[in-house]
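K.L.:
Sharing a structure, written as structure tokens. Questions coming.
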Amino acid sequence: MRPNTMNKFGAVLDDFGMESMLDKLMKDFIRPLSRVFFAEFGGCSLDTHHGFIVEYGIHRDRELGFHVDDSEVTLNICLGKEFSGGELFFRGARCDAHVNSDSQLEEIFDYSHVPGQAILHSGRHRHGAKATTSGKRMNLILWCRSSTFREMIKYQREFAGWCGECRRKKRERERLSIAATKQELLKRRMAL
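Residues 1 to 192 in full-length UniProt numbering are what the sequence shown spells out, letter by letter.
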């Protein structure tokens, strides 16, 4: 079975009997960190996971296109030994309505994989992987999910506080409202 819809090379770890180990990793380590760093993304209520290995290299997947994960929080551990390229690029967290919107300068972040090290990020943080140009890079990915967060987000009517584009639009509406109020007050003052 393919590990996800974007990768051709890899394996789903639950298929190899690793479900309980990955569940313990999520509950004992990732959930406590996510309570602090990703509470707005459901980090307090992570209850399921999807764990898999992906392979990148010359005769494997070379790169990974721009996307968001099917997770609330993602753990990405670099297992490769010798490789070049394969940097992750992040371009801001987005809700479903704004997933394809432009990135702001302050949202741009690039991350170079280091064997044996990991990055923990929101699944809603748009990202991709640049081409692996030599060697073989392998990563263990753990998508951690919250059924509570997924149910709550269905009923969200106002802006998503964690979506960079929603926040930008809210700030713009506030700026226009303040400018209109100032203009109206100025007109009233001039009329007196």
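Positions of the beta carbon are idealized from the N, C-alpha and C atoms, including for glycine.
What you are looking at is a predicted structure, and each value in this text was computed from that prediction instead of being measured.
Nearest to GLU165 by CA position, among ARG124, ARG35, ILE119 and GLU72, is which residue?
P.N.:
Of the candidates ARG124, ARG35, ILE119 and GLU72, the one whose C-alpha sits nearest the C-alpha of GLU165 is ARG124.
K.L.:
So which of SER20, ASP69 and ASN4 has the shortest CA-CA distance to GLU55?
P.N.:
Here the closest residue by C-alpha is ASN4.
K.L.:
Buried or exposed: where does ARG137 fall if 16 or more other Cβ atoms within 10 Å of its Cβ makes it buried?
P.N.:
Buried: at least 16 other Cβ atoms inside 10 Å.
K.L.:
Would DSSP call MET1 helix, strand or coil?
P.N.:
In this structure, MET1 counts as coil in the three-state DSSP scheme.
K.L.:
Distance, Cα to Cα, VAL99 vs GLY92?
P.N.:
Near 9 Å, if we compare the C-alpha coordinates of GLY92 and VAL99.
K.L.:
For ASP23, which three-state DSSP category applies?
P.N.:
ASP23 falls in the helix class under three-state DSSP.
K.L.:
Output needed for residue 214: all residues of its chain with C-beta closer than 7 Å, excluding positions within five of it in sequence on either side, in chain order.
P.N.:
Residue 214 cannot be examined here, being either before or after the span of the chain that is shown, 1 to 192.
K.L.:
Closest to ASP70 by CA distance: which of ILE77, ARG94 and MET190 is it?
P.N.:
The residue with the shortest Cα to Cα distance from ASP70 is ARG94.
K.L.:
Within the same chain, show all residues whose beta-carbon is closer than 6 Å to that of GLY43, passing over the 5 residues directly before and after it, in chain order.
P.N.:
So the qualifying residues of the chain are SER34, ARG35 and VAL73.
K.L.:
Could you have a look at PHE16 and say whether DSSP puts it in helix, strand or coil?
P.N.:
Looking at PHE16 - three-state DSSP - the assignment turns out to be helix.
K.L.:
Are three or more beta carbon pairs between the stretch 119 to 134 and the stretch 21 to 28 nearer than 8 Å?
P.N.:
The stretch 119 to 134 is not in contact with the stretch 21 to 28.
K.L.:
Look up ALA129 in the DSSP assignment and give the residues it is bridged to.
P.N.:
Note: ALA129 sits in a beta bridge opposite LEU64 and LEU88.
K.L.:
How would you label THR132, buried or exposed, when you count the other beta carbons within 10 angstroms and need 16 or more for buried?
P.N.:
THR132 comes out buried.
K.L.:
Check ARG94 in the structure and name its three-state DSSP category.
P.N.:
Residue state, collapsed to three classes: coil.
K.L.:
Give the DSSP-derived three-state secondary structure of CYS44 in the structure shown.
P.N.:
CYS44 falls in the helix class under three-state DSSP.
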